[in-house]
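When you line the sequence shown up against full-length UniProt numbering, it's residues 1 to 1264, in that order.
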Amino acid sequence: MVKAVRAQRSGADTDLCAWSGSRSDAAAGGGGGGAIVWMRSRLRGRRPGIARADRDTRTMLHPLFLALHLLCFTQSMTAFQATVNDEGLIVATLDSSDLQENVTAYAVQISGEPRTILIQFVNTSEPLLYNASFHGLCYTVGLLLRRGQAWSRPMKTVAVLTKPLPVRSAQILDYKEAPETGVVFEIDPPTRNVFSRVNISYAEGQERRSMLYKDFYRGKTVFKHWLPGMCYRNITFQLISEATVYQTALVTHSDITHTPLHHRTVPHPPLNISYKIIHLSQRAAPGQLPDMLPHDSGQRSPRQARDVPLMEEREEEETQAEENTSDEVIGVTYAPFNSTKVLTVSAPIDVNNSRTEEAEPSSYWLDPTEPSPADKDEEFVNGVLPEYEDSNEPGSAMALPAEPSVLPTRLPPILLELRWLPPRPPTSYDGFNVYIYRDGNSTETATVDESTHEFFTELTEPGIYRVQVTTLSSSGDCESRESSGDTAFTFYLGPSGELLEDLRERPQAVSVRLLDSSTAAISWAPSSQNHNGSLVSVVSTTCLKPSLSQRMENTYCSEENSTSDIITNLTPGAQYRVVVYHTNGPLISPPSEPVIIDIEPTGVRELTVYPLSPTAVILSWQRPYHVAFRKYVLQTFFFNPVTLASEWTTYYEIAATASVIASVRVTDLLPAWYYNFRVSMVTWGDPPLSCCESSTVSFVTAPEAPHISSVDYSHGILYVRWTYGELFIDLSHSRMLHWQVVAVGKKGPEKTYSVDVTRNVMRASLPLPPGDIYNLTVTACTERSRNTSTPNIIKLEPAPPRSLYAVNATHSSVTLLWTEEGVVDYYQVLCRPSKASKEQLKALEPQTSTSHVVTISGLIPSSSYNCTITSFSYSTPSKPTHISVSTVAKEMNPSVAAISALAVLSILLISLLVLFLLVLRKKHLQMTRECGAETFVNFASFERDGKLPYNWSKTALKKRKLTSPVQLDDFEAFFKDMSKDSAYKFSLQFEDLKSIGLDLSHDAADLPINRPKNRYTNILPYDFSRVKLISMHNDEGSDYINANYIPGYRHNKEYIATQGPLPETRNDFWKMVLQQKSPIIVMLTQCSERRRVKCDHYWPFNEDPVMYGEVSVELLSESESPEWIIRKFRLGYADESQDVLHLNYTSWPDHGVPTVNAIESILQFVHIVRQQANRTKDPIIVHCSAGVGRTGTFIALDRLMQHIREHEYVDILGMVSEMRSHRLSMVQTEEQYVFIHQCVMLMWQKKKQQSITSDVIYENASKT
């Protein structure tokens, strides 16, 4: 059937087809990619929905056919026609009325596909045919006229609808959610097919029905409105295509070519299924069976062969019961469900919700190992003995065993009665099937008709019985089907006929409590059903991993069933699933909800670190023998110099193996760094467990070998510089202790020379005697290891002879002597006449000597000679030393000689006297410049002699300045002299110092408001030299702090000596640091010594900034060495900031001095401070506890170290006297005063070593 509509609109070129819900399930299958895209865009917005069925669409189809008839009639009245023939071709024909003058050609324009098609009439009298690409699609066909070269717009337009192709195949499936009423329709339409609905037609019983369905998604839809158990026949699918043209509907449908289908829905199960166990007993002769049921000669209800009708229970008179007892007795014993004796036992099976949720298995059982005890308390009921039906009919009677001993496994006479109700209407069914299984094997299957709702059978053997009743639907042409709901029930009959009920209640509130790594305790709530035991199933879920290569613990896999509530032999690290069942004999209840338990693994053992290099180690460990785990996780903990944080990070993961010993190589470590390594065992659980934090080992990596970068030798000192590592690393966070610079000579008296340098300094100076070859190395040292640089061979040039003298000159010889310095193999001495020709000079041969005294002979009397002495070491000459000598004349007359000698001696004496006076004056002027233009008088000597009155002498001592200059060449002898008699002379000098400054005022410190600001009441700052704070307020005492300016070597306010801050003065202390712009703070005490507070902890404890009054202080860095700590602070006030270096010497006791072995340490610390102080002219703040003892000693050492570099004498007494005149008690104890002299002696020795060396000459200079 073809429908078409023609519309005439002048100048119209519009698509007439209006689509509503059209569909093409096959558009994705065929060719014509452009058309496919276009069709999808035209059909966009379609979405699958719930099918809306019309069971009877006949009333709907009649108006459609009427509309089609009207359209055809209208089309016949028009001239230009477009139709669709039976082959699906569009046919366009012209009428004579369509032909016009001056028209050169006629054509049709077909639109509806992605591309508009223009087809010209070849012969106007013949129809034009077009094979449409899509089936079931509305096309617009317009007539075009051409006059000249241009085509006109469509003059007439006709809409046609092509016929869809039929469904190729179809199938019907059960709707799994509700197979009783629902099905899934699945059709396979052809490609390039467009349809909007599907007409589904079928036969339901004797009636034919049809419905229009439009919600087919990908050829599928769900239909939920059929009847249960009904046979539906001759099911067909017809595609419907629709379009609307000017509010006129166009409808066409496909043919039906596929094979009609049949389908039966699943019937509902029977309702209220119940069962009853009936015990029969009799006293009859052997082989004689009692009649149990009354004989009925009438009609019998249809039953199966084994069905036994049960008599209606009724009560009898007691007397009648006694009469029957005399002859034969029937007893009915009912096995109770709940261990209480009842006469009737029924177990209804609820199937109303069989499809709403997934049915649980009704029973779980184990094979019985031994029979359950029989119920000894049987109850008997007297009744009329039934009459048996024809005994020849098979299965009509149950023969009881005559002799139980012959068949011990047979039961006493027991009947099973089943009763049920019809299934929920409307259900089409023809009967019921009864299935009986014993111990899992089918023992009986019976079918009864739809009017039978009971069933009887004899149970002859003990065992576990499973009984199921289903609804059967079989009428019609469809295949038979049974109900699918779970209507089975289970019970157990023992050998003596005792009944044990099926358990349907699962254990509740199951919990597991771990007792240790291999034992757990299980508990659960009591059950409302009677049961005689419980079963615990323990399964290792770890062993359920699919691949054995992924798990190592397969040897520990186990699945155990236990009746105890204690689980043993668990594997540490494994995951277990615990399920509990109630048991009733061999019957088992449904399982409880599974409980998952994870057991933490035990940790690894014997974790050991083996160093490979400064940046690599090997970690080795052993795993426990009985453990289940997935992998090892190696983690590291260290201070990261990039992030400035310490945290645990995962370094490597290793899959578990069967090997007991495991190891891993750890690389990219930082040299000389502290690391913690931890190996954890991770389980398979979700989430996984890991163990253990105790499996940790710490290690300090070895340092890298430093690289000597430059070497320089000057004035007997070897200056060495080196680098460490490829990148700069702040060694303050490393475990580097110090550097050790070692030079080993070949020939020197002390072949090894070494010096230790703090870790943050990569340069050193080493005094070396010249003239030797040294093996120079720099070693990086940690507390556990060290690493040495590549040796650097240094060859030093020998030093020239010094202090050359000529003695014992005669008329023909002269003796030369000089001072030996460094390593010398031999000396060459050459004396040349002052007036000698070149030939004479060439003929002279040098004289070789290994001694520093040589006599030159063979000289000409009364002649002058130029002598040179050159040192040689390893064949390398030094710079020559020159001296001019003269020989004397030959002997004269003794009188003349005597007169000449006296004259010469007189001249020499006069010259020496003049020279002595000049030297004495020069020294006096020099001392005046150094010590001041005062008169130095040793009043102590007068006082000791008793020549001055006591009062006068003390007053004079207050105002005078003490002095005691000593030449450094004589300092060793001076020190020995002062140390005699228990250092008596040192005591005298120190007694003189105690009176310095006693008359100076300290009024500001005595103010009541300032007294709490003093740590000690007897250490107060002088008024004239105290540091005054700048304050915005003019309050009394606001400018006070216990601190004094101390003059230094270069300027008068080089130091500020102050007390250790108190908690109430710490703000003033930082204000002084900021106002004085002091770049360095030297702290010579610890905060607490000998359980006494010596100084407040006046700086932050961590990197967080802390406000001290108006000054913020931030700790930037901190580095430690065994004897001092160096910190760096950043001070902030308003928008200003200042960096301050804090050097804290921690090994100096209060009121004491460092040990003799620590003299070099304190001098090295003073040297470090001086190196930093040379960069600034602002005062250095020095404090200990009181700010006088250790503070004064440090300032004295710093001043003397600078003084000795440029002078050949020292005046320790005068310097300490000057310091005490600016702050009370500077250098507080005599022990400290002597210690200063000891340090000066060591300084002078080092200076002498430097002064006797010369420039360095070393090989391979380019390499260094």
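We put the CB at the ideal spot given by N, CA and C, even for glycine. Fair warning: this is a prediction, and the values are worked out from it, not measured in the lab.
Worksheet entry | Thr683 beta carbon less than 8 Å from that of Leu689 | Numbered from its first residue, the sequence shown carries residue 689 at position 689. Numbered from its first residue, the sequence shown carries residue 683 at position 683. Yes, these two residues count as a Cβ contact at 8 Å.
Worksheet entry | Where the beta strand (DSSP E) containing Glu204 begins and where it ends | Position 204 of the sequence shown, counted from the start, is the residue given in the question as residue 204. Arg197 to Glu204 is the extent of the beta strand (DSSP E) around Glu204.
Practice prompt. Would you mind giving the Cβ-Cβ distance between Ala799 and Glu821, rounded to the nearest angstrom? I have them listed as a contact below 8 Å.
Written response: As a working mapping, residue 799 is identified with position 799 in the sequence shown. As a working mapping, residue 821 is identified with position 821 in the sequence shown. Between Glu821 and Ala799 the Cβ distance is about 4 Å, and since that is below 8 Å, they are a contact.
Worksheet item: DSSP state of Leu1135, grouped into three classes?
Response: As a first step, residue 1135 is located in the sequence shown; it is residue number 1135 there, counting from the start. In the sequence under discussion, the amino acid at residue 1135 is Asp, which differs from the Leu named in the question. Three-state result, Asp1135: coil.
Worksheet item: Would you say Thr758 reaches chain C, if we count a Cβ-Cβ gap shorter than 8 Å as a contact?
Response: Absent from the structure: chain C. Only one protein chain is present.
Item to complete: Could you check which residue in Pro189, Thr779, Val184 and Thr259 has the C-alpha nearest to that of Phe223?
Response: Here residue 223 is taken as the residue at index 223 of the sequence shown, counted from 1. With distances taken between Cα atoms, Phe223 lies closest to Val184.
Discussion item. From the DSSP secondary-structure annotation, give me the bridge partner or partners of Arg832.
Written reply: Here the question's residue 832 lines up with position 832 in the sequence shown. Its beta-bridge partners are Asn866.
Discussion item. Quick test of the definition: if touching needs 3 or more C-beta pairs under 8 Å, does the segment 994-1008 touch the segment 1021-1040?
Written reply: yes
Worksheet item: What is the rounded straight-line gap between the Cα of Leu1115 and the Cα of Ala662?
Response: Position 1115 of the sequence shown, counting from 1, holds the residue named residue 1115. Position 662 of the sequence shown, counting from 1, holds the residue named residue 662. Taking the straight line from one Cα to the other gives about 44 Å.
Worksheet entry | Burial state of Trp648 (16 or more Cβ within 10 Å) | In the sequence shown, residue 648 corresponds to position 648, counting from 1. With fewer than 16 Cβ atoms within 10 Å of its Cβ, Trp648 is classed as exposed.
Fill in: Cβ-based neighbour list, Pro269, same chain, cut-off 7 Å, excluding 5 preceding and 5 following
Counting from 1 along the sequence shown, the entry for residue 269 is found at position 269. Here the set comprises Val351, Ser354, Pro423, Thr470, Thr471, Ser483, Gly485 and Thr487.
Worksheet entry | For Ser1078, the residue or residues it bridges with in DSSP | One-based indexing of the sequence shown puts residue 1078 at position 1078. In the DSSP output, where bridge partners are listed per residue, Ser1078 has none listed.
Worksheet item: Apart from the five residues on each side of it in sequence, which residues of its chain come closer than 8 Å, Cβ to Cβ, to residue 1276?
Response: There is no way to answer for residue 1276, as the model of the chain reaches only from 1 to 1264.
Worksheet item: Can you pull the DSSP bridge partners for Phe990?
Response: Taking the first residue of the sequence shown as position 1, residue 990 is located at position 990. BP columns for Phe990 are empty, so no partner.
Worksheet item: In this structure, does DSSP put Ile996 in helix, strand or coil?
Response: Locating residue 996 in the sequence shown gives position 996, counting from the first residue. Coil at Ile996, not helix or strand.
Worksheet item: Cα separation between Glu461 and Ser274?
Response: Reading the sequence shown from its first residue, position 461 is the one you call residue 461. Reading the sequence shown from its first residue, position 274 is the one you call residue 274. Looking at the two C-alpha atoms, the distance is approximately 21 Å.
Discussion item. Measuring alpha carbon to alpha carbon, tell me which residue in Arg146, Thr157, Arg115 and Arg147 is nearest Thr93.
Written reply: The residue you call residue 93 lines up with position 93 of the sequence shown. It is Thr157 whose Cα lies nearest to the Cα of Thr93.
Worksheet item: Would you report the Cα separation of Gln1075 and Glu1054, rounded to the nearest angstrom?
Response: Position 1075 of the sequence shown, counting from 1, holds the residue named residue 1075. Position 1054 of the sequence shown, counting from 1, holds the residue named residue 1054. Straight-line Cα distance between these residues: approximately 15 Å.
Worksheet item: For the beta strand (DSSP E) that contains Glu1114, what are its first and last residues?
Response: In the sequence shown, the residue the question calls residue 1114 occupies position 1114. Residues Val1111 to Glu1120.
Discussion item. Spatial neighbours of Trp1124 within its chain, please: C-beta separation below 7 Å, excluding the five flanking residues on both sides.
Written reply: Mapped onto the sequence shown, residue 1124 falls at position 1124. Hits under 7 Å: Leu1143, Asn1144, Tyr1145, Thr1146 and Phe1165.
Worksheet item: Helix, strand or coil: how does DSSP classify Glu378 here?
Response: As a working mapping, residue 378 is identified with position 378 in the sequence shown. At Glu378, the pLDDT of 34 sits below 50, so the modelled position is not reliable; the number obtained from the coordinates is stated separately. In the structure shown, Glu378 sits in coil (DSSP, three-state: anything other than H, G, I, E or B).
Practice prompt. Helix, strand or coil for Asp174, going by three-state DSSP, please let me know.
Written response: Numbered from its first residue, the sequence shown carries residue 174 at position 174. Residue state, collapsed to three classes: strand.
Worksheet entry | Alpha-carbon to alpha-carbon, Val167 and Glu454 | As a first step, residue 454 must be located in the sequence shown, where it is residue number 454. As a first step, residue 167 must be located in the sequence shown, where it is residue number 167. Roughly 48 Å separates the two Cα atoms.
Worksheet item: For the alpha helix (DSSP H) that Val1216 lies in, which residues bound it at each end?
Response: Your numbering for residue 1216 matches position 1216 in the sequence shown. Ile1212 to Arg1220 is the span of the alpha helix (DSSP H), which, as asked, contains Val1216.
Item to complete: Indicate whether the contact test is met: 3 or more Cβ pairs, each with one atom in the segment 254-272 and one in the segment 164-178, closer than 8 Å.
Response: yes
Discussion item. Can you tell me whether Thr650 is helix, strand or coil according to DSSP?
Written reply: As a working note, residue 650 is residue 650 in the sequence shown. Correct three-state label for Thr650: strand.
Worksheet item: Which whole-angstrom value describes the C-beta separation of Ser161 and Ala243, a residue pair presumed to lie in contact below a C-beta threshold of 8 Å?
Response: Against the sequence shown, residue 161 aligns to sequence position 161. Against the sequence shown, residue 243 aligns to sequence position 243. Reading off the sequence, residue 161 comes out as Leu, not Ser. Correct: roughly 5 Å between the Cβ atoms.
Item to complete: Give the straight-line distance between the Cα atoms of Gly1132 and Gln740, rounded to the nearest whole angstrom.
Response: For the purposes of this step, residue 1132 is taken as the residue at position 1132 of the sequence shown. For the purposes of this step, residue 740 is taken as the residue at position 740 of the sequence shown. Straight-line Cα distance between these residues: approximately 38 Å.
Worksheet item: At what residues does the alpha helix (DSSP H) containing Gln575 begin and finish?
Response: Your numbering for residue 575 matches position 575 in the sequence shown. Element bounds for Gln575: not the alpha helix (DSSP H) but the beta strand (DSSP E), Gln575 to Asn584.
Item to complete: State yes or no: is the C-beta of Tyr625 within less than 8 Å of the C-beta of Val679?
Response: Along the sequence shown, read from residue 1 onward, the residue named residue 625 stands at position 625. Along the sequence shown, read from residue 1 onward, the residue named residue 679 stands at position 679. No, these two residues do not count as a Cβ contact at 8 Å.
Worksheet entry | Continuous beta strand (DSSP E) assignments of at least 3 residues falling wholly in the segment 92-117 | 105-111
Worksheet item: Among the residues of its own chain, which have a CB less than 6 Å from the CB of Ser864, if the five just before and after it don't count?
Response: In the sequence shown, residue 864 corresponds to position 864, counting from 1. Same-chain partners within the cutoff: Ser834 and Ser886.
Item to complete: Please determine if the segment 199-210 and the segment 147-157 are in contact, where contact requires at least 3 C-beta pairs separated by less than 8 Å.
Response: no
Worksheet item: Which value, in whole angstroms, describes the spacing of the CA atoms of Phe1194 and Phe639?
Response: The sequence position of residue 1194 within the sequence shown is 1194, counting from 1. The sequence position of residue 639 within the sequence shown is 639, counting from 1. Cα to Cα, Phe1194 sits roughly 35 Å from Phe639.
Fill in: Arg438, DSSP secondary structure in three states
As a working note, residue 438 is residue 438 in the sequence shown. Looking at Arg438 - three-state DSSP - the assignment turns out to be strand.
Item to complete: Write down the C-beta distance between Ile1181 and Ile1056 rounded to the nearest angstrom, noting that I regard them as a contact closer than 8 Å.
Response: One-based indexing of the sequence shown puts residue 1181 at position 1181. One-based indexing of the sequence shown puts residue 1056 at position 1056. Right, their Cβ atoms sit about 5 Å apart.
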